[in-house]
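Quick note on numbering: the sequence shown equals residues 929 to 1275 in this note's numbering.
Report on one structure; see the data block that follows.
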Amino acid sequence: MIKENVRQPNTSPTQSRERVSQGLAGVRKAAGNNKEMKFTAWLHHLTVERLRESFYSLKRKAAPGVDGVTWQEYEDGLEDRLTDLHGRVHRGAYRATPSRRVYIEKADGRQRPLAVPAIEDKLVQHAVVTILNQIYEEDFLGFSYGFRPGRSQHQALDALSYALLKKKVNYVLDADIRGFFDNLDKSWLIKFVEHRVADLRILRLIQKWLNAGVMEEGKWSDTKTGSPQGSVISPLLANIYLHYAFDLWVNVWRKKWAHGEVVVIRYADDIILGFQHQADADRFLENLQERLGMFGLELHPDKTRRIEFGRFAEENRRRRGEGKPETFDFLGFSVLQEHTDKEFTMN
């Protein structure tokens, strides 16, 4: 939200937001009308107003990047800072700063590396994401839920619950991509973005962020692959990568090769698939391994599982003298089959 004491020459905050949103609405309409269109000149949508809105959307108490500048410090003299930043971006003089690497502990005790960008990198990335979303929200498929405007974990879990209760799901494939954010191929990512974006200035910005590297204990290191988790633009880039490497492909696969129903739910790199037939599940798993390998990715052999699961799984296993259906995890929840064969519990 824009504060009242922020100077906005010539227009009120409301008028500015309306004008900006109308401009982006035109981008979205064009993207929706022509799925093959490449956008060639649209950095002009990255305005001082958009940078200001991006600034006030950031977390006030977020940790600073390698420059040590906090949100409160950047707010001091904000208008001059934003004008200067806007000029550098449009002149090509803006330089991405290496991210500060920190670690958080995962549930299994391992350490997950996170990148903490400098505040100006956050601002420009946020503004670019706002612009790019106008294209990709027209392109992304319905089963993709992660880090998208108006979509949430709850919706992904609801979709999973509906699939298990209403669709012909007898087998579940819990697919885990090993170190996805660290291993996505930068050259493939740029090729994917180029399907829609032909503005060289936008492409250079993305390349600058991908190649900025990280700082850890005062030492800079290159990141030859991957998009650092923690940066503002990383979730969108991950969705673009998987849209082309996985989503479009699986959508064709289930229509062309599957003999029964196939349900797909993806939240970033967390992927659950439901199959009517075991043969489809096993064939898909083999094909998926080949597909991901084309783009520098691989399934985690210990975390990827095909299990019998669904409305009739418990009854079928009981009839064969086998134990209860296995459980699987999705978005931090363990999905359990209840004895009624009609209900599932997420704990």
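Backbone N, C-alpha and C fix where the C-beta goes; we use that ideal spot for every residue, glycine too.
- Met1143 is a Cβ neighbour of Arg1029, given a cutoff of 8 Å.
- The three-state reading of DSSP puts Ala1024 in coil, since its state is none of H, G, I, E or B.
- Of the residues Ala1084, Leu974, Arg956, Glu1065, the one whose Cα lies closest to the Cα of Tyr1195 is Ala1084.
- Distance from Leu1101 to Phe1203 at the Cβ level is roughly 7 Å; contact confirmed, criterion being Cβ atoms closer than 8 Å.
- For Gly1202, the uninterrupted beta strand (DSSP E) segment begins and ends at 1198–1203.
- Under the three-state reduction of DSSP, Val997 is assigned to coil, being neither helix nor strand.
- Its chain contains Val1190 as the residues whose beta carbon lies nearer than 6 Å to that of Arg1182, once the 5 sequence neighbours on both sides are disregarded; these appear in chain order.
- Contact between Trp1177 and Ile1161 does not hold, since the beta-carbon distance rounds to 24 Å and is not under 8 Å.
- Per the C-alpha coordinates, the member of Asp1197, Ala1209, Leu1170, Asp1110 positioned closest to Ser1155 is Asp1110.
- Annotation for Ala1209: the continuous alpha helix (DSSP H) segment containing it runs 1206–1221.
- For Leu952, the three-state secondary structure derived from DSSP is helix.
- Here Gln1062 has Leu952, Val955, Arg956, Ala959 as same chain residues with Cβ atoms under 7 Å from its own Cβ, once five neighbours each way along the sequence are excluded.
- A residue is called buried once 16 or more other Cβ atoms fall within 10 Å of its Cβ, and Glu1243, having fewer, is exposed.
- Judged by their CB atoms, Leu971 and Asp1104 are not nearer to each other than the 8 Å cut-off.
- Between the C-alpha atoms of Leu1006 and Phe1108 there is a straight-line separation of about 36 Å.
- Taking C-beta atoms under 8 Å as the contact rule, Phe1237 and Phe1256 qualify, at a distance of about 7 Å.
- Taking a 10 Å sphere around the C-beta of Leu1117, we find 16 or more other C-beta atoms and assign the residue as buried.
- By the Cβ criterion, the stretch 993–1011 is not in contact with the stretch 1121–1135, since fewer than three pairs of Cβ atoms, one from each stretch, lie closer than 8 Å.
- Beta-bridge pairing by DSSP links Tyr1031 to Pro1041.
- Taking C-beta atoms as the reference points, Glu1065 and Arg1076 count as a pair closer than 8 Å.
- For Ser1115, the number of other beta carbons within 10 angstroms of its own is below 16, and it is reported as exposed.
- Counting of Cβ neighbours within 10 angstroms places Gly1221 among the exposed residues, the total staying below 16.
- An exposed status is given to Arg1019, since fewer than 16 other beta-carbon atoms sit within 10 Å of its beta-carbon.
- One Cα belongs to Thr968, the other to Ile1130, and the distance between them is close to 9 Å.
- In this structure, Val1017 and Val1052 form a Cβ contact; the two beta carbons are roughly 6 Å apart against a cut-off of 8 Å.
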